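What follows is a set of notes on a single structure, which appears directly below.
Number of protein chains: 2
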Amino acid sequence: MSGTNTDVPAPLDTPLPSPVPGDEHEQCPVTDVLRRVGDKWTVLVVVLLGQRPHRFNELHRGIEAISQRMLTRTLRGLEEDGLVHREVFATVPPSVQYSLTPLGKSLLKPLSGLAEWAIEHQSAIAESRRVNNRPFRRT
Amino acid sequence: MSGTNTDVPAPLDTPLPSPVPGDEHEQCPVTDVLRRVGDKWTVLVVVLLGQRPHRFNELHRGIEAISQRMLTRTLRGLEEDGLVHREVFATVPPSVQYSLTPLGKSLLKPLSGLAEWAIEHQSAIAESRRVNNRPFRRT
DNA sequence: CAGGATCCTCTCTGATACTG
DNA sequence: CAGTATCAGAGAGGATCCTG
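Chains A and B, in that order, are what the protein sequence lines are.
Just so we're aligned, residue 10 is where the first sequence starts under the numbering used here, counting upward by one.
Just so we're aligned, residue 10 is where the second sequence starts under the numbering used here, counting upward by one.
Following this line, the structure appears as structure tokens:
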């Protein structure tokens with residue numbers, strides 16, 4: 010930890026290769042996670058499943074604007090990464106329950122850190138956008 | 010994600026409206042931040058600028074695979090949100106220095122939380138993907 | 001040096017219709 | 001109920017050329 014900042018984050022403090030090779034960036038697990046949670050619906054689905062398990066249409070009704078297709082894709086992606094568990098009950102009609110795995114639950118903590126930051130600084134960001142979106146300034 | 014609420018210690022613990030309205034999801038600051046840092050280059054640029062200020066071509070050379078266009082767009086986006094400061098020196102040839110604002114530096118901490126999680130669980134995720142990507146299972 | 005302007009491709013997302 | 005299949009639009013990202 011060097012510099013004027015008190016707490017420089019540990020993983021981001023490790024020196025990067027210079028230049029950063031293209032494939033190293035592609036394979037970086039941090040890049041990878043960010044691209045997953047950076048999509049439109051993943052975090053919301055994770056948060057809802059963090060409260061309790063949900064069935065498919067329960068999630069569909071619970072997220073007003075999501076399309077059936079995107080809900081399916083989001084859940085499949087999370088399932089493939091081992092963050093969500095999918096359990097099929099052979100009832101009639103069939104029912105499928107989605108829940109967070111322990112791995113998925115563990116993601117809630119760092120996610121909440123980012124959420125806190127976003128909420129804390131949202132007004133500063135909004136103000137900055139407002140100021141910068143003034144092409145007609147007379148200096 | 011009701012980020013508009015005032016005192017929220019653990020944002021992800023607060024109950025969500027059910028159903029979550031479409032526009033509330035769009036305006037959610039958490040969604041907003043995630044979509045910014047979820048793009049291809051933003052985090053890497055933030056981390057590099059977190060080490061020290063950089064000039065434009067210095068960043069360009071420092072990130073092997075980035076195109077000039079995307080570097081510009083990434084920096085503009087960060088600048089608009091007030092995370093990056095852009096300073097022009099009227100030399101010949103001109104030089105432009107990019108650096109993190111205090112707001113930008115404050116993002117490094119929650120980002121590092123997510124980075125730690127990603128690094129810690131990357132093998133579990135990779136293994137899960139490996140297992141799930143077997144379309145030809147005979148049970 | 002630090003971009004802007006164009007053009008092009010590919011992915012993400014949504015809408016709609018159909019099914020075991 | 002819990003999806004799959006197909007089509008279409010919007011935007012991200014890249015390549016190339018040009019300029020103050």
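Glycine residues also receive a C-beta, built at the ideal position from the N, C-alpha and C atoms.
As the structure is a prediction and not an experimental result, all values here were calculated from the model.
Report yes if the CB atom of residue i is closer than 9 Å to the CB atom of residue j, and no otherwise.
i: D48 of chain B; j: G47 of chain A; result: yes
i: S104 of chain A; j: R64 of chain A; result: yes
i: S108 of chain A; j: P62 of chain A; result: yes
i: P24 of chain B; j: Q106 of chain A; result: no
Which of helix, strand or coil does DSSP assign to residue i?
i: L109 of chain A; result: strand
i: V55 of chain A; result: helix
i: E73 of chain B; result: coil
i: R85 of chain B; result: helix
i: R95 of chain B; result: strand
i: R64 of chain A; result: strand
What does residue i touch in chain B if you count any residue whose Cβ is under 9 Å from its own?
i: G113 of chain A; result: Going along chain B, no residue has its Cβ under 9 Å from G113 of chain A, so there is no contact; the nearest lies around 10 Å.
i: H63 of chain A; result: Within chain B, no residue comes near H63 of chain A; the closest Cβ sits about 11 Å away, beyond 9 Å.
i: S76 of chain A; result: Ordered by position in chain B, no residue passes the 9 Å Cβ test against S76 of chain A, which lies about 11 Å from the chain.
i: L87 of chain A; result: Neighbours of L87 of chain A on chain B: none; closest Cβ ~10 Å, over 9 Å.
Would you mind reading off the limits of the beta strand (DSSP E) that contains residue i?
i: V101 of chain B; result: Premise fails: V101 of chain B is in no beta strand (DSSP E) and is neither H nor E.
Just to confirm the assignment, what range does the alpha helix (DSSP H) spanning residue i have?
i: V42 of chain A; result: 38-46
Check the Cβ of residue i against every Cβ in chain A and list those closer than 8 Å, keeping chain order.
i: S27 of chain B; result: G71
i: V52 of chain B; result: V39, T40, L43
Please list, in chain order, the chain B residues whose beta carbon lies closer than 7 Å to that of residue i.
i: A99 of chain A; result: None at all; the shortest Cβ gap to chain B is about 15 Å.
Taking Cβ-Cβ distances shorter than 9 Å, what residues in chain A pair up with residue i?
i: V42 of chain B; result: L123, A124, W126, A127, H130, Q131, I134
i: E96 of chain B; result: By Cβ distance, chain A contributes nothing, its closest Cβ being about 15 Å from E96 of chain B, past 9 Å.
* Does the pairing of the segment 70-79 of chain A with the segment 67-84 of chain B give three or more beta-carbon distances under 8 Å? -> Cβ pair count under 8 Å is below three, so no.
* **Three or more C-beta pairs below 8 Å linking the segment 48-62 of chain B and the segment 29-49 of chain A** => Because the criterion of three Cβ pairs below 8 Å is met, the segment 48-62 of chain B and the segment 29-49 of chain A touch.
* To do: Would you check if there are 3 or more beta carbon pairs closer than 8 Å linking the segment 83-97 of chain A to the segment 131-138 of chain A?
  => Counting Cβ pairs under 8 Å, fewer than three are found: no touch.
* Asked: Should the segment 112-128 of chain A be regarded as contacting the segment 118-135 of chain B, the criterion being three or more beta carbon pairs within less than 8 Å?
  -> A contact exists between the segment 112-128 of chain A and the segment 118-135 of chain B.
* Report yes or no: do the segment 125-132 of chain A and the segment 27-39 of chain A share at least 3 C-beta pairs separated by less than 8 Å? => Short answer: they don't touch.
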